[in-house]
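Worksheet: one structure, shown below.
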Amino acid sequence: MTSTTDLLHVEDLRVDIATAKGGLRTVVDDVAFSLAPGERMAIVGESGSGKSMTAAAILGLLPARARVSSGRIVLDGTELTALPPRQMRDWRGSVMGLIPQDPMASLNPVHTIGWQIAEAVTAHEAMTRREVKTRSCDLLERVGITNAASRLSAFPHEFSGGMRQRVLIAMALAQRPRLLIADEATTALDVTIQAQVLDLIDHLTSEAGSAVILITHDLSIAAGRSDTVTVMRTGRIVESGPAEVVLHEPRAAYTQMLLAASPRFDRPRKSLFPIDGSTEKASVR
Ligand SMILES: Nc1ncnc2c1ncn2[C@@H]1O[C@H](COP(=O)(O)OP(=O)(O)O)[C@@H](O)[C@H]1O
Ligand SMILES: [Mg+2]
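Each residue of the sequence shown is one higher than the last, beginning at 1 in the working numbering.
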């Protein structure tokens, strides 16, 4: 199954979490997939299906009580589960990037936007102050934040949710990672902003040639934005394959159920709702 052209190869991954009673709970079980350079993969499934734990295992960000108890995660030929934490930190941000779900929780409220972007920009490279500023402004402008130079001194609470998420995208892409993981990156945003932010992620990652793992509970987000779709349920993969096959001719009853439950998926929206942003927004959930 391993191909020398794979960027990421996950094999028989199992993640266990220590329970309060001293036992172990398996939250990811027998998960396997491969990702080619530049490929876009969606992982979909209901809340609690193990999507974030799979991502955290790849990124080396599992909570303290959780561990990879078996399997292999090979990125660019390197076995990640064997890397010391320091090296994992180097890989995160440079080779792998994460766009997290909650922009407010992920930005530090006591530091300016400029400070946080500078951290991402200089994480793996020494630069002069002037270079840092130029690069930070450039990044902000690329994610659609205008007047970047004057925004560097703003604090996260002065930005809207969509703008904060754009800052996190800028930070995640600062090093042009070969693998970008977006874990429910737009779930907290209004649906109109969601599409813009997803388009931005598509655009910037294809420009950088980054492979993408798009994690979402919403199948309509996976549609049209991913080459393959992997469906997870209670820690296991129930179905995976090319996006058009999984989304249009799903084999698993569970995938069919998810599709039926997704209000926005594959329906002629215009005939259902008037073309009015506020109505559309109200119909999302
Ligand atoms: N920090 C944690 N401690 C203990 N259990 C957790 C923790 N985070 C997640 N879990 C459990 O692991 C399982 C998988 O969670 P997760 O990967 O976050 O699901 P998803 O991202 O698909 O919503 C769930 O049953 C969840 O309750
Ligand atoms: Mg999650």
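Using N, Cα and C, we set each Cβ at its ideal position, and we do this for glycine too. All values reported here derive from a predicted model rather than from experimental measurement.
Contact annotation, Ala185 with Gln101: C-beta distance approximately 7 angstroms; criterion of less than 8 angstroms satisfied. Those residues whose C-beta sits under 5 angstroms from the nearest heavy atom of ligand 1 are, from N- to C-terminal order along the chain, Ile17, Val27, Ser47, Gly48, Ser49, Gly50, Lys51, Ser52, Met53 and Pro63. The bridge partners DSSP lists for Glu239 are Val231. Where Met127 is concerned, there is no enclosing alpha helix (DSSP H), because DSSP gives it neither an H nor an E. The segment 210-222 and the segment 36-46 touch, with no fewer than 3 CB-CB distances between them shorter than 8 angstroms. Shortest gap from the CB of Asp183 to any heavy atom of ligand 2: under 7 angstroms. Distance from the CA atom of Met257 to the CA atom of Ala243, rounded to whole angstroms, is 16 angstroms. For Glu11, the uninterrupted beta strand (DSSP E) run begins and ends at Leu8 to Ala18, by DSSP. Exclusion of the five residues before and after Met171 leaves Gln116, Ile117 and Ala120 as the residues of its chain whose Cβ lies within less than 7 angstroms of its Cβ. In terms of Cα proximity to Ala56, the closest of Thr78, Leu24, Arg89 and Ile193 is Arg89. Residue burial is scored here from C-beta neighbours: Leu24 has fewer than 16 other C-beta atoms within 10 angstroms and is therefore classed as exposed.
Shown here, Gly23 sits in coil according to DSSP, grouped into three states, outside any helix or strand. Look at Leu258 here: in three-state DSSP terms it is helix. DSSP places Gly162 in the uninterrupted alpha helix (DSSP H) bounded by Gly161 to Leu173. With a minimum length of 3 residues, the unbroken runs of beta strand (DSSP E) contained wholly in the segment 177-220 fall at 179-183 and 211-216. Apart from the 5 residues on each side of it in sequence, Val28 sits with its Cβ closer than 7 angstroms to the Cβ of Leu13, Arg14, Val15, Gly50, Met53, Thr54, Ala57 and Gly235 in its chain, given in chain order. Looking at the DSSP output, Glu131 bridges to nothing.
In this structure the segment 153-165 does not touch the segment 66-86; the number of beta carbon pairs closer than 8 angstroms is below three. Within its own chain, the residues whose Cβ lies closer than 6 angstroms to the Cβ of Gly93, once the five positions on either side in sequence are excluded, are Ala123 and Gln175, listed in chain order.
Across the structure, Leu152 and Arg166 are spaced so that their CA atoms are roughly 13 angstroms apart. Counting along the chain, Ile58 sits inside the alpha helix (DSSP H) bounded by residues Lys51 to Leu59. By the Cβ-count criterion, Ala148 is buried, with 16 or more other Cβ atoms from all chains shown falling within 10 Å of its own Cβ. Just so you know, the alpha carbons of Pro250 and Ala154 end up roughly 47 angstroms apart. Straight-line measurement puts the Cα of Ser262 at about 7 angstroms from the Cα of Ser220. DSSP, read as helix, strand or coil, puts Leu35 in strand.
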